[in-house]
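According to our numbering, the stretch in the sequence shown is residues 3 to 182, in order. Reviewing the structure listed below.
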Amino acid sequence: LVTYNTSFSVKAYEDMYFWSAQYTRLDKNMTTFGVVYDDATVMNFHGDFGLLFRKVNFVANFDYYLWQLQNEEEAWYKPIVDISLASRFNIVNPNTNKTKLTIEPRLYYKLFQADPAGGDIGKTDVVDLGIEANYYYSSIFQIFLDVNNILNWNGHYNGYPLQGINFLIGASFSFGGHKE
Numbered sequence: 003l004v005t006y007n008t009s010f011s012v013k014a015y016e017d018m019y020f021w022s023a024q025y026t027r028l029d030k031n032m033t034t035f036g037v038v039y040d041d042a043t044v045m046n047f048h049g050d051f052g053l054l055f056r057k058v059n060f061v062a063n064f065d066y067y068l069w070q071l072q073n074e075e076e077a078w079y080k081p082i083v084d085i086s087l088a089s090r091f092n093i094v095n096p097n098t099n100k101t102k103l104t105i106e107p108r109l110y111y112k113l114f115q116a117d118p119a120g121g122d123i124g125k126t127d128v129v130d131l132g133i134e135a136n137y138y139y140s141s142i143f144q145i146f147l148d149v150n151n152i153l154n155w156n157g158h159y160n161g162y163p164l165q166g167i168n169f170l171i172g173a174s175f176s177f178g179g180h181k182e
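In structure tokens form, the structure reads like this:
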């Protein structure tokens, strides 16, 4: 099955918040964020494309944001481009014909308009490659693993170092009883 979608939207905001970097007077390397407000209109061009099969799915999403502001020069730290690629692999239990394990690798890319007052010149990009695995022990109990920043991309976002590779492992239990 092939899926696709394109859309265009326009949203108007009154007093939309934007983060603005501010250096402290004593230490030029010490940055804090202040909030600035402005009336904004954002146009969003969206597209997605997917290939869906019984055991594997592939999905690609693309968003482009065009910001128009009343007072500020740019939409500081708001995305300009947002791209995500994801896939999902289902391992089906042959006895019950239900999904037993899902593995979801994903890649995110965001391009931000950075605040020149904060020391960033021009645009800042953020890349995150991650993977999530879910094991369905039963219809009410699940174990999961989520790993982010597999590439250990150690970029800086307005002078702040980004968190390196990290993971979350856990379990989920439903008190709602048997689910189909």
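Glycine included, C-beta positions come from ideal geometry on N, C-alpha and C.
Alpha-carbon spacing of residue i relative to residue j, whole angstroms
i           : j          : result
residue 37  : residue 72 : 16 Å
residue 145 : residue 87 : 24 Å
residue 82  : residue 91 : 30 Å
residue 44  : residue 68 : 6 Å
residue 12  : residue 46 : 6 Å
residue 1   : residue 55 : Within the shown structure, residues of the chain are numbered from 3 to 182, placing residue 1 beyond reach of any answer.
residue 18  : residue 85 : 23 Å
Neighbourhood of residue i by C-beta, 6 Å cutoff - its chain only, sequence neighbours within 5 removed
i           : result
residue 170 : 148
residue 108 : 88 and 132
residue 105 : 91 and 135
residue 22  : 36, 38, 78 and 117
residue 128 : 112
residue 7   : 50
residue 59  : 90
Residue i burial status per 10 Å Cβ neighbour count (16 or more: buried)
i           : result
residue 151 : buried
residue 177 : exposed
residue 219 : No statement about residue 219 is possible, as the shown extent of the chain runs from 3 to 182 and does not include it.
Cutoff 8 Å; reference residue i; Cβ partners in own chain excluding five residues on either side
i           : result
residue 173 : 143, 144, 145 and 146
residue 15  : 41, 42, 43 and 44
Cβ distance (whole Å) where residue i is taken to contact residue j below 8 Å
i          : j          : result
residue 64 : residue 49 : 5 Å
residue 4  : residue 57 : That pair is no contact at about 16 Å.
Contact test: residue i Cβ vs the ligand FAD heavy atom, cutoff 7 Å
i          : result
residue 83 : Looking for the ligand FAD in the displayed structure turns up nothing, as the structure carries no ligands at all.
Subject >> 3 or more residues per run - each beta strand (DSSP E) lying fully within the stretch 48 to 117 >> reply: 58 to 71, 81 to 94 and 101 to 115
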